[in-house]
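Shown next, in C-alpha cells, is the structure this report addresses.
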Amino acid sequence: MTTVSKAGRRKPPRSVIPGFGITLGFTLAYLSLIVLIPLAGVFFKSAGLGWEGIWHVVSSPRVLAALKLSFGAALIAALINAVFGPLVAWVFVRYRFPGKRFFDAVIDLPFALPTAVAGIALTALYSANGWVGQFLEPLGIKVAFTPVGVIVAMTFIGLPFVVRTVQPVLEEAEKELEEAAATLGASRWQTISQVILPTVLPALLTGFALAFARAVGEYGSVIFIAGNLPMVSEIAPLLIIIKLEEFDYAGATAIAATMLVLSFSLLLMINGLQAWARRRHGHGR
Amino acid sequence: MDIQIREIHKGFGNFPALRGVNLDIHSGELIALLGPSGSGKTTLLRTIAGLELPDAGQILFGGTDTAPLPVRERRVGFVFQHYALFKHKTVQDNVAFGLRVRKGPDRPSESVIRQRVLELLDLVQLSGLEKRYPAQLSGGQRQRVALARALAIEPRVLLLDEPFGALDAKVRKDLRRWLRELHDKTGYTTIFVTHDQEEALELADRVVVMNRGRIEQVGTTSEVYEQPATPFVFDFLGSVNVLAGEVQGRHLRIDGTELTLDTDREHPAGAVDVYVRPHDLRLVEDSSPGLGAAVRSVQRTGAVVRLTAELDHSGETVEVELSHLDPFALNRRGGDRIRVLPAVYGLFPRAPHAALRTLPDVDPKSVPEHRERGRLG
Amino acid sequence: MAASANEVRPTPPTDAGSSAPPPFEPLMQRNAAITEPGWVRWTLTGVAVVFLSLFLLLPLVSVFTEALRNGVGAYLSAIAEPDTLSSIRLTLIAAAIAVPLNLLLGVSAAWAITKFEFRGKSVLISLIDLPFSVSPVVSGLIYVLIFGRQGYLGPWVADHDIKILFAVPGIVLATIFVTFPFIARELIPLMQEQGTESEQAALSLGASGWQTFWHVTLPNIKWGLLYGVLLCNARAMGEFGAVSVVSGHIRGQTNTMPLQIEILYNEYSFSAAFAVASLLAGLALVTLGVKSLLEWRYGDELAASRRH
Chain G
1 MTTVSKAGRR
11 KPPRSVIPGF
21 GITLGFTLAY
31 LSLIVLIPLA
41 GVFFKSAGLG
51 WEGIWHVVSS
61 PRVLAALKLS
71 FGAALIAALI
81 NAVFGPLVAW
91 VFVRYRFPGK
101 RFFDAVIDLP
111 FALPTAVAGI
121 ALTALYSANG
131 WVGQFLEPLG
141 IKVAFTPVGV
151 IVAMTFIGLP
161 FVVRTVQPVL
171 EEAEKELEEA
181 AATLGASRWQ
191 TISQVILPTV
201 LPALLTGFAL
211 AFARAVGEYG
221 SVIFIAGNLP
231 MVSEIAPLLI
241 IIKLEEFDYA
251 GATAIAATML
261 VLSFSLLLMI
271 NGLQAWARRR
281 HGHGR
Chain A
1001 MDIQIREIHK
1011 GFGNFPALRG
1021 VNLDIHSGEL
1031 IALLGPSGSG
1041 KTTLLRTIAG
1051 LELPDAGQIL
1061 FGGTDTAPLP
1071 VRERRVGFVF
1081 QHYALFKHKT
1091 VQDNVAFGLR
1101 VRKGPDRPSE
1111 SVIRQRVLEL
1121 LDLVQLSGLE
1131 KRYPAQLSGG
1141 QRQRVALARA
1151 LAIEPRVLLL
1161 DEPFGALDAK
1171 VRKDLRRWLR
1181 ELHDKTGYTT
1191 IFVTHDQEEA
1201 LELADRVVVM
1211 NRGRIEQVGT
1221 TSEVYEQPAT
1231 PFVFDFLGSV
1241 NVLAGEVQGR
1251 HLRIDGTELT
1261 LDTDREHPAG
1271 AVDVYVRPHD
1281 LRLVEDSSPG
1291 LGAAVRSVQR
1301 TGAVVRLTAE
1311 LDHSGETVEV
1321 ELSHLDPFAL
1331 NRRGGDRIRV
1341 LPAVYGLFPR
1351 APHAALRTLP
1361 DVDPKSVPEH
1371 RERGRLG
Chain Y
2001 MAASANEVRP
2011 TPPTDAGSSA
2021 PPPFEPLMQR
2031 NAAITEPGWV
2041 RWTLTGVAVV
2051 FLSLFLLLPL
2061 VSVFTEALRN
2071 GVGAYLSAIA
2081 EPDTLSSIRL
2091 TLIAAAIAVP
2101 LNLLLGVSAA
2111 WAITKFEFRG
2121 KSVLISLIDL
2131 PFSVSPVVSG
2141 LIYVLIFGRQ
2151 GYLGPWVADH
2161 DIKILFAVPG
2171 IVLATIFVTF
2181 PFIARELIPL
2191 MQEQGTESEQ
2201 AALSLGASGW
2211 QTFWHVTLPN
2221 IKWGLLYGVL
2231 LCNARAMGEF
2241 GAVSVVSGHI
2251 RGQTNTMPLQ
2261 IEILYNEYSF
2271 SAAFAVASLL
2281 AGLALVTLGV
2291 KSLLEWRYGD
2301 ELAASRRH
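Protein chains in written order, with the working numbering: chain G, 1 to 285; chain A, 1001 to 1377; chain Y, 2001 to 2308.
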C-alpha cells in the first residue's frame, strides 16, 4: 500500500484532467480503511502464531479434512465448469435456438442470487424428496448432506465465471482461422481441438481459476446442502466460523491464512501462465 | 488444374454478390480478380475455394464438378488477407498442419512432414525461422508462412485474397516480384484478388475486371488497359477524361470541334461519351485539327508534366500528361493557349444520367467517390 | 481534372472489402466450411439447455414454489412476522449505507485509474479485485480480529462504548468490503474504452472539472454505472458469509434477510424461509432483467469485457 501512495505522490501525472489527487487519495484512504488495515490484521495475527502455531491448527484431522473438502470439491466443481462452461458459451455464440436470450440472462443468476437463497433452494431440490433428489435416491445417489452436494453447490456458483470469460473470446475469434483449417483439410473436430481450443485456452484457464477461487471460499450456498458432518462434509469456511464461535481466534486465523495463501498462490500461478502465453503468442488471447 | 466457372450466382440476403459469372482459367495461369470493393471478387474467390456455396451455377476443377466436395476435400490453397496463421503454433507447425490432419495412409510420416516443411520454408525464404511464433514475424514473413502452409497440401489451385493488402508499400513491391517468380517456378494455377490495378497489371497473366457481381472484361494486361471493353474498365484502370461528344457518320463532334473518326471505328450515330486517357491526349500545332483549350495549372512529378486545361466552348476540364521531353511541355504556364487531340480513345453511348456517365453499372450511393468523378470528367 | 483509380481507391487496403460476406452470423447454415452437422448442433444445444435448466433455472423456480407451498396467506404472514420485518429493515439500512459509499469509491477509483497514468496502478487494480478471491467468511473474520474482544481495537472500542461487532456498523463494514469491487469493476473497462479525448475537449472549452464529469463523462457511463449499482445492491442485500460472522445473529436486532433465512430454515420453518428467500430472488431477477434490457438497448455503452 505504501508503495502505491508514495509512487502516486512522487510522480505527479502530466495530464490536463483535474481530480487526480482527490480521486486517488479517496480511493487509497477508502481501501486502506476497509481492506488493507483489516487484512493486515490477519497477517499480524498469523505472524503472531508462527509457523508452528499455524501448523498445529491446520494439521489437526478435522481441519485437514475440511481443507481437503473445500479445495477438492472446488477443484472438481471447477473442472465440471471447465467442461460445461465452454460448451454453453459455444452454444450461445454459434447457434440460434428458441429462448436463447432468456438462457443467456439466466447464466448470471449465481452472481445476482444471494448465496443463502441458492443454498436452501439447492438443498430442497436435491434432498431425498426434492424434485431432483427423488429421482437420484432410487439409484442410490445421495447428493444433499454429502460431499456430492458440496460439489453441486460449488458448480452452481462457479459456472458464470467460466462462461463469461470464454464467451467474449469465442465471439471475437476470427472465423478465418477455422476456414484456413478447413481449406488445409482439417475435419471439424480437428479444427475445434487444434485451432479453436488453444485460442480460448487462456480465457478458459482464467475462468477456471476464478471459479475455483470462488468455490474454495464459498460459504452460503454450500452449508445448507453440505450437512456439515465433521470429517465428512464440513467445509473450511464453516470451520472458521465454528472456531470463532468458540472464541478460538487463533484457530480461525490459522485456517483463514492457510486458505488465503493457497488461493493466492494458485491465482498467481494462473496469472503467470497467462502472461507467458501472451508473451509467446503476441496479443493473442 | 484448369478451372471452369459456369453461371455462378450468389447472394447474401438481399444483396446479390455474384450475378452470373462465367470464367475459364487455364492450368498454370496467374489470374487477377480486379475490382472495387463490393464487386464480388472476394466472394468469387471464396466460392471457388468452397468457403461459400453458390446459389446457382457450377465450378469445375479439371472438368469435374466440385459441388459435392466440401472445402476440406477440395485441396485448395487459400491465403487469407490477414493470413489467419495459428498463433499458438510455431512456423513449422503451421506449415505442417495440413499434412498432420490427414488420416490413415494419406498421412505422411513425421520425418517426411519435417522434410517437406523445411523444403517449403526454403522455397519461401524463411529457413531458420521454423521455431518462431507468428507474433515474432514481420508482416511480409507472415505472408510467406501463410503461402508455405497453403502450398504444403499441394493444392490444385492457389487462391490469394488481397495478398498484399495488409503490407506497407515497400514490402508490397518486393513481395509482388517474388510471388511472380515463385509462380513461374512452381507452376500452380493461381488466382488472386486485388483492388489495386497496378498490382493486377504487373503481376497477372490475365486480368478479370469485376463490377457489381459481374465480369466486365477478361484479358491480358495489355488488352484490358489498351482496349477497355466498357466505360467501367476504362475508368477503373488508370486515369481517364470523359468528354461529351456526338457522332455523325464519320465525324465526331467534341466541344464544338469536328474531328474525323478512324475508318476502322464505325460507331452508331448519336450522343456519346469519349473516354481519353491523359497521356493519350496529344498537344498539336494551332493549324492542326484539335480542341482549343486554356491551361489552368501545370504540375510536374518526376518525368511527367501534368496540364490541367479548360476546353474553350464547354468549359469542361481535361487533364493532359506529357513527357518532360515533349517540346510542347516546355515552359508551360497557366493561361497558355493549347490545342489537344485525342490520339487513342473509347466511344460509348451516352448514359442517361450525368452521374452515371462514367460508371453505368455502379450504384452511385455505394461508391460516392465515383459520382464525384462523373462530375469532374 | 481526371481522377485515377489509384487515388480513389474505395477501401483502405487493410479492409476485407464489402465483397466479403456479411459479418459472421451464428449458425450460418450456408457457410458449410465452419459449421457442424445439424445433429451435433442440436445435441450440444440440448446438453447446454438441460444443464442450465437443471443447475440454474430449477433452483430459482423451486424458491418460489416452496415459498407458496402453503398458500398466499401463509406467505404474506411469514413476511409480516416482526423478526422478518426487522431483518428486512436492517438489510435495507445496510444497503442504503454501503451502496452509496461504494458508488463514490467506484467512480473515484475508476476516474483515477482510467484518466491518469501512475505507478502502482496494476497493484491498485488487483487490490480492488481482492474481495472476489477472498472467502466471505474471511472477509468477516478480518473485522472480528480488529474489533472483537481479543482484537486489536477491541478494548479501545469497548472502553468508548462503541458497538461495531454484533451491531449495525459491523454489518455495514462487512457488506462494504464484499461489494465494493462491483461498481469499480463495471466502470474501469468502460471508461478505459472511452479514453480521455472528450474530457480534454470539454476542459479546453472552459468547463470546470466537475462540469466535465457531470456533462461529458457521466452521460457516457450512465448505463454501466446503473448496472454496477444494481449488482452491488443485489450483492449487498444478499451477502451472507461475511455478515454472518460479524452479526452475532441477534434476532430482531442484527439479523439481515439472508441470516433470517438461515434461522428460519434451521428451525424447519421451510416455507417461511423460502418466503424471505423469494424476496431476494425477486431482487435478483429484477437485477438480471434490467441487465438484459440494458445490454439489449445500450450494448455499446456497457463495458465489453465484464466479469465479476
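All residues carry an ideal CB built from backbone N, CA and C; glycine is no exception.
What is the residue span of the beta strand (DSSP E) that residue 1274 of chain A lies within? 1270-1276
Contact residues within the stretch 2156-2183 of chain Y, judged by C-beta distance below 9 Å to chain G: If the cut-off is 9 Å between Cβ atoms, the stretch 2156-2183 of chain Y has 2173, 2176, 2177 and 2180 near chain G.
In its own chain, which residues sit with a C-beta less than 7 Å from the C-beta of residue 2191 of chain Y, not counting the 5 before and 5 after it? In the same chain as residue 2191 of chain Y, and ignoring 5 residues on each side of it, the C-beta atoms closer than 7 Å to its own belong to 2110, 2114 and 2221, in chain order.
Starting from the Cα of residue 2116 of chain Y, find the closest Cα among Y:2070, Y:2102, Y:2100 and Y:2200 and give me that residue. Comparing Cα positions, the closest option is Y:2200.
Residues of chain G with CB under 7 Å from residue 1049 of chain A, in chain order? 183
Alpha-carbon spacing of residue 2310 of chain Y relative to residue 222 of chain G, whole angstroms: A query on residue 2310 of chain Y cannot be resolved here, the shown segment of chain Y reaching from 2001 to 2308 and no further.
Going along the stretch 187-202 of chain G in order, which residues come within less than 9 Å of chain A, judged by CB to CB distance? 187, 188, 190, 191, 194, 195, 198, 199 and 201
Could you check if residue 132 of chain G is buried or exposed, using at least 16 other CB atoms within 10 Å of its CB as the buried criterion? Answer is buried; the Cβ neighbour count reaches 16.
Name, please, each residue of chain Y whose Cβ falls closer than 8 Å to the Cβ of residue 237 of chain G. In chain order: 2135, 2136, 2137, 2138 and 2241.
Going by other Cβ atoms of all chains shown within 10 Å of its Cβ, with 16 needed for buried, is residue 1368 of chain A buried or exposed? Unreliable positioning characterises residue 1368 of chain A in this predicted model, as indicated by a pLDDT of 31, which lies under 50. A coordinate reading is not provided.
Rounded C-beta distance between residue 2086 of chain Y and residue 2252 of chain Y? I'm assuming under 8 Å. 5 Å
Cβ of residue 204 of chain G less than 7 Å from any chain A Cβ? Interface with chain A (7 Å Cβ-Cβ cutoff): residue 204 of chain G is excluded.
Opposing strand residues paired with residue 1210 of chain A [DSSP bridges]: A:1215
Closest to residue 71 of chain G by C-alpha separation, out of G:106, G:22 and G:236, would be which residue? G:236
For residue 19 of chain G and residue 171 of chain G, I'd like the C-alpha separation in whole angstroms. 37 Å
According to DSSP, is residue 1228 of chain A part of a helix, a strand, or is it coil? coil
Proximity to residue 1089 of chain A [Cα-Cα], best of A:1137, A:1051, A:1055 and A:1040: A:1137
Alpha carbon to alpha carbon, what distance is there between residue 1312 of chain A and residue 1346 of chain A? 22 Å
Tell me the rounded alpha-carbon separation between residue 2186 of chain Y and residue 23 of chain G. 17 Å
Can you find the residues in the same chain that come closer than 7 Å, C-beta to C-beta, to residue 2228 of chain Y, ignoring five residues on each side of it along the sequence? Within the same chain, Cβ atoms closer than 7 Å to the Cβ of residue 2228 of chain Y are found at 2106, 2182, 2183, 2186 and 2187, the five residues on either side in sequence being excluded.
Whether or not the stretch 111-125 of chain G and the stretch 223-233 of chain G are in contact is what I'm after, with contact meaning three or more pairs of Cβ atoms, one per stretch, closer than 8 Å; do they touch? yes
What is the DSSP secondary structure of residue 1131 of chain A, reduced to helix, strand or coil? coil
Given a threshold of 16 other Cβ atoms within 10 Å of its Cβ, counted over all protein chains shown, does residue 1378 of chain A qualify as buried or as exposed? With chain A running from 1001 to 1377 in the structure shown, residue 1378 of chain A is simply not present.
Using DSSP bridges, identify the partner residues of residue 1010 of chain A. A:1018
Please state whether DSSP places residue 1059 of chain A in a helix, a strand or coil. strand
With 7 Å as the threshold, decide whether the Cβ of residue 2028 of chain Y is near any Cβ in chain G. For residue 2028 of chain Y, the predicted model reports a pLDDT of 38, less than 50, meaning its position is unreliable and no value from the coordinates is stated.
Kindly indicate if chain A contains any beta-carbon less than 7 Å away from that of residue 218 of chain G. no
Would you mind reading off the limits of the alpha helix (DSSP H) that contains residue 2176 of chain Y? 2168-2179
Cα-Cα separation, residue 2279 of chain Y to residue 2238 of chain Y: 10 Å
Exposed unless 16 or more other CB atoms sit within 10 angstroms - verdict on residue 2094 of chain Y: Classified as buried, residue 2094 of chain Y has 16 or more neighbouring CB atoms from the shown chains inside 10 Å of its CB.
Exposure label - residue 2208 of chain Y; buried when at least 16 CB within 10 Å: exposed
Roughly how many whole angstroms lie between the Cα atoms of residue 1327 of chain A and residue 1289 of chain A? Rounded to the nearest angstrom, the two C-alpha atoms are 18 Å apart.
Residue 2242 of chain Y and residue 2151 of chain Y - do their beta-carbons sit closer together than 7 Å? It is not a contact, given that the beta carbons lie outside the stated cut-off.
Does the CB of residue 1012 of chain A have a neighbour CB from chain G at under 7 Å? no
Quick check on residue 1269 of chain A: buried or exposed, where buried means 16 or more other Cβ atoms within 10 Å of its Cβ? exposed
Considering only residues of the stretch 1032-1120 of chain A, which uninterrupted alpha helix (DSSP H) runs meet the minimum length of 4 residues and lie entirely inside it, listed in chain order? Taking only runs of at least 4 residues, the alpha helix (DSSP H) segments lying wholly in the stretch 1032-1120 of chain A are 1041-1049, 1071-1074 and 1091-1100.
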